[in-house]
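Residue numbers (the numbering used here): 103 to 678.
C-beta atoms are modelled at their ideal positions from N, C-alpha and C, and glycine is treated no differently.
Comments concern the structure below.
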């Protein structure tokens with residue numbers, strides 16, 4: 103089949119910014135596009151200055167790594183396990199006068215009146231969110247690039263005046279990813295970089311800019327009759343840039359994995375030096391050197407701004423949906439383990455606790471009245487109706503073996519859509535438990551077999567502290583989300599403390615502080631406990647080599663040195 107190569111705009115055009123209620127998933131990042139649709143066919147030629155800057159960066163990384171190795175081998179490790187080769191991230195910002203000069207220069211570089219704004223309302227919108235309750239400030243200025251060259255101009259201006267740079271994508275972050283530091287900074291809003299540049303149907307990939315939403319991308323493929331889709335599915339409003347930068351996933355993760363799998367084939371990146379690199383070519387696989395694409399996945403905009411990306415696509419197969427109730431979470435998790443290991447075609451399997459099912463009934467938008475029990479929502483996948491039915495039969499049999507009852511299989515596409523919508527309405531349904539309340543959404547992840555322990559421990563804790571909550575989990579990969587409701591500042595602080603205990607509980611079960619929301623501000627203080635000081639210091643060494651002025655999204659991801667003696671001594675000890 104001849105490759106379909108098309109330069110097109112997203113099917114819905116410039117989509118409206120999501121309402122605050124929709125902003126509850128993922129964020130950040132940035133990407134790019136050359137003016138020519140052929141820009142992705144080969145790496146962008148680099149100037150001598152570009153090569154020199156890249157050589158300096160690589161040299162710094164190698165020096166840091168060598169120093170780390172020497173320090174380790176020679177016993178040059180502090181009692182806290184910190185390498186002498188690494189150092190804290192020391193920000194070097196300009197003065198208020200420098201920032202004013204930077205803004206004036208940006209207005210000269212981008213004369214279009216809509217390209218640069220210091221409007222108070224715009225700054226507030228780009229600095230704060232109704233989705234999270236983390237500290238931070240608003241930016242000094244917002245700039246809307248439309249190309250990689252625009253991003254280069256912004257970054258070089260920022261470096262010249264030592265002004266922080268905060269990438270801004272879908273604004274769906276839950277962990278404060280696009281908060282500015284207290285001094286302010288340049289918010290780089292990628293929303294105008296939302297084009298699909300090329301579709302290669304025969305190769306099952308697509309080249310696009312970072313500002314496009316994953317839902318709009320998939321809708322465009324559908325409208326063009328292309329039987330492929332991008333399977334990572336965080337909440338509505340999330341864009342490709344933010345999804346890459348936070349290492350996101352979604353309900354499809356049990357089948358397709360996360361952003362840290364092979365879904366991002368390459369990326370074009372503007373480094374903190376203002377130089378442009380491309381991480382690799384478009385081949386499906388490569389063993390040529392480091393996988394530098396992954397250096398930027400999950401880096402949360404702290405190492406560079408991605409301006410263009412090649413995404414791998416998957417076949418779009420028929421699906422169906424079923425729901426089944428269980429006596430408790432442990433029996434539901436046991437059923438999922440057996441079902442997943444059976445090898446049947448499961449695209450999604452979601453745990454919704456009894457509180458969530460109660461909230462769904464109160465919300466009143468469901469097509470049916472649900473038993474208020476711990477439930478599993480399945481999405482089956484298969485090439486034919488017969489394959490889907492065979493999968494449903496196997497799942498029903500295994501579920502019944504583990505105490506499952508009320509197995510409900512959709513009898514039409516519309517019924518399947520309605521059933522699955524009950525799961526996707528998690529935020530709105532949960533808020534119905536307390537009219538007028540707000541919610542703190544968080545996620546943690548553990549090995550799937552440990553999920554029941556985590557869920558039960560969390561439930562006991564929340565109920566002991568009088569916190570109203572719902573739990574929804576991607577049970578197939580041990581990831582669950584809790585929405586903690588609060589109505590005043592006192593309840594907000596109770597929720598904040600409960601999230602901390604939830605994280606410690608997950609880490610104690612060999613888990614992580616975040617399965618898919620990213621670290622940002624909200625989870626960074628847990629990294630020493632989770633990863634060990636040596637790993638965190640290695641991350642800082644990489645950051646310092648690439649961004650020595652600490653201008654790119656400062657205050658996110660990298661924790662300050664821990665104060666607690668117990669945490670100082672934290673090391674990730676391999677199992678025997």
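Would you mind working out which of the options sits nearest residue i, comparing C-alpha positions?
i	options	result
residue 619	234, 489 and 229	234
residue 438	472, 422, 336 and 552	552
residue 463	521, 267 and 446	521
residue 475	457, 492 and 469	457
residue 239	266, 317, 415 and 313	266
residue 529	465, 482, 565 and 503	465
residue 251	454, 614, 392 and 373	373
residue 478	469, 489 and 504	504
residue 445	489, 376 and 517	489
residue 316	644, 304 and 336	336
residue 429	455, 423, 449 and 313	455
residue 406	563, 378, 386 and 433	378
residue 550	565, 627, 643 and 441	441
residue 426	394, 497, 356 and 594	497
Measuring only the C-alpha atoms, how far is residue i from residue j?
i	j	result
residue 288	residue 345	21 Å
residue 486	residue 192	58 Å
residue 297	residue 248	10 Å
residue 495	residue 222	58 Å
residue 636	residue 244	36 Å
residue 320	residue 343	15 Å
residue 421	residue 260	48 Å
residue 354	residue 416	12 Å
residue 273	residue 227	9 Å
residue 384	residue 596	49 Å
residue 460	residue 305	45 Å
residue 141	residue 290	Model confidence at residue 141 stands at a pLDDT of 42, short of 50, so the residue's coordinates are unreliable and nothing is read from them.
residue 256	residue 208	7 Å
residue 481	residue 511	10 Å
residue 391	residue 648	18 Å
residue 659	residue 492	45 Å
residue 567	residue 586	11 Å
residue 299	residue 203	35 Å
residue 435	residue 575	10 Å
residue 545	residue 605	9 Å
residue 393	residue 644	15 Å
residue 473	residue 509	12 Å
Got a sec, what are the start and stop residues for the beta strand (DSSP E) residue i sits in?
i	result
residue 320	First-last for residue 320: 316-325, but that is the alpha helix (DSSP H), not the beta strand (DSSP E).
residue 591	Careful: residue 591 lies outside any beta strand (DSSP E), inside the alpha helix (DSSP H) at 591-610.
residue 224	First-last for residue 224: 222-229, but that is the alpha helix (DSSP H), not the beta strand (DSSP E).
residue 477	476-483
residue 571	571-576
residue 621	Note, residue 621: premise wrong, no beta strand (DSSP E); not H, not E.
residue 588	581-588
residue 310	307-310
Starting from residue i and walking both ways along the alpha helix (DSSP H), at which residues does that stretch end?
i	result
residue 436	431-444
residue 210	198-211
residue 633	629-633
residue 419	It is not in any alpha helix (DSSP H) - residue 419 carries neither H nor E in the DSSP assignment.
residue 396	395-398
residue 458	456-465
residue 346	342-348
residue 355	355-358
Does the beta-carbon of residue i have 16 or more other beta-carbons within 10 angstroms, so that it is buried, or is it exposed?
i	result
residue 513	exposed
residue 523	exposed
residue 502	exposed
residue 132	Any answer about residue 132 is weak, because its pLDDT of 36 lies below 50 and its placement is not dependable; what the coordinates show is given next. Classification for residue 132: buried.
residue 402	buried
residue 538	exposed
residue 599	exposed
residue 534	buried
residue 661	buried
residue 376	buried
residue 282	buried
residue 507	exposed
residue 126	For residue 126, the predicted structure reports a pLDDT of 35, less than 50, and the residue's modelled location is therefore unreliable. The matter cannot be settled from this model.
residue 612	exposed
residue 499	exposed
residue 562	exposed
Would the beta-carbon of residue i be found less than 7 Å away from any heavy atom of the ligand NAP?
i	result
residue 535	The ligand NAP is not part of this structure, which contains no ligands at all.
Unbroken alpha helix (DSSP H) runs of length 4 or more, entirely within the region 520-567: which are they?
-> Complete alpha helix (DSSP H) runs here, min 4: 528-533 and 553-566.
3 or more residues per run - each beta strand (DSSP E) lying fully within the region 264-302 = For the region 264-302, whole beta strand (DSSP E) runs of length 3 or above, ordered along the chain, are 267-270, 288-291 and 298-302.
Alpha helix (DSSP H) runs wholly inside the region 486-514, at least 4 long, in chain order | Qualifying alpha helix (DSSP H) stretches, in chain order: 487-503.
Residue ranges of each alpha helix (DSSP H) run of no fewer than 4 residues wholly in the region 369-411, ordered along the chain?
-> Assignment of alpha helix (DSSP H) within the region 369-411, counting only whole runs of 4 or more residues, yields 395-398 in chain order.
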